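See structure below.
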Amino acid sequence: MTNSSPRLKKRTWAIDVATFTALYDACVLYPAPLRDLLMELAGTELFRARWTEEIHREWIENLLVNEPRRERAKLERTRDRMNAAVLDCLIKGYEDLIAALTLPDPDDRHVLAAAIQGRVDVIVTYNLKHFPRAVLSGYGIEAQHPDEFVSNLISLHPEVVYTAVKEQRARLKNPPKSAADFLVTLEKHSLAQTVAHLHKALELI
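Everything in the sequence shown is counted per the working numbering, starting at 16 for the first residue and increasing by one.
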């Protein structure tokens, strides 16, 4: 967990809230810098961010396996803050849909089932091959790499995204990071397009 997580604040949707809905897959919540960025963007109200308790369980369990020094209690507190920060973020009642779905990795069916139940427009995931377009298009859903997702937001609402990135970076205290150093961190998580966009506005982030 990074220093930027603890200040997540609960926000309510504006009357003219965007109806575009994104489901965060576990793989994009696993790395703390990306998780914090996606949560910061969720607070902009440019879109609705959603996930499930099973998705939470997945990224938490993977972190505990790969990084045994992690404390489950701290990760679960992060989970709880995330749930409190975004109104109506948890998708429920999707379990009965799982058995009827077919994906390259059957373990990902719960993600698609939640996306269908939650009327999601896009699944934000690194695992694009796990969510074939031919399957998702039948449900009006698209899978997007997080780099594409964030880049699209920058293209549509640059100032809002710049402010969100600046707020995220400002919370990093141990150690603090310059804008340039922060972009190096994002690049390590395969956000090359996003970093290219943000480099053009370095003084704003």
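Every residue, glycine too, gets a C-beta built ideally from N, C-alpha and C. Every value quoted in this text rests on a predicted model; they were computed, and no experiment measured them.
*Could you tell me whether the stretch 51-69 touches the stretch 32-42, using the rule of 3 or more Cβ pairs below 8 angstroms?*
yes
*Could you tell me the distance, in whole angstroms, from the CA atom of residue 193 to the CA atom of residue 67?*
34 angstroms
*asked:* Between which residues of its own chain and residue 105 is the CB-CB distance below 8 angstroms, once the five residues before and five after are set aside?
replied: Closer than 8 angstroms at Cβ, skipping near neighbours: 65, 66, 67, 68 and 98.
*Please confirm if the stretch 178-186 is in contact with the stretch 137-155, defined as three or more CB-CB distances below 8 angstroms between the two stretches.*
In short, these stretches do not touch, since the Cβ pair count stays below three.
*Beta-bridge partners of residue 159, as assigned by DSSP*: 139.
_Is the separation between the beta-carbon of residue 112 and that of residue 131 shorter than 8 angstroms?_
The Cβ atoms of residue 112 and residue 131 sit closer than 8 angstroms to each other.
*Below 6 angstroms CB to CB, which residues in the same chain sit around residue 206 once its five sequence neighbours on both sides are set aside?*
162
*Nearest-angstrom Cβ-Cβ length linking residue 61 and residue 172, presumed shorter than 8 angstroms*: 6 angstroms
*Determine the extent of the beta strand (DSSP E) in which residue 64 is found, giving its start and end residues.*
Per DSSP, the unbroken beta strand (DSSP E) holding residue 64 starts and ends at 63-65.
*Close-in-space but distant-in-sequence residues of the same chain around residue 119 (CB under 8 angstroms, 5 per side omitted)*: 144, 145 and 147
*Where does residue 105 fall in DSSP's three states?*
strand
*For the beta strand (DSSP E) holding residue 222, just list the boundary residues, first then last.*
Because the chain here runs from 16 to 220, residue 222 falls outside it and cannot be looked at.
*Just checking my contact of residue 183 with residue 95 at CB under 8 angstroms: how many whole Å lie between their CB atoms?*
Going by Cβ atoms, the distance from residue 183 to residue 95 rounds to 20 angstroms, so no, they are not a contact pair.
*Whole alpha helix (DSSP H) runs in the stretch 29-55 with 4 or more residues, listed along the chain?*
41-44
*Check whether the Cβ atoms of residue 164 and residue 139 sit closer than 8 angstroms, and answer yes or no.*
Less than 8 angstroms divides the Cβ of residue 164 from the Cβ of residue 139.
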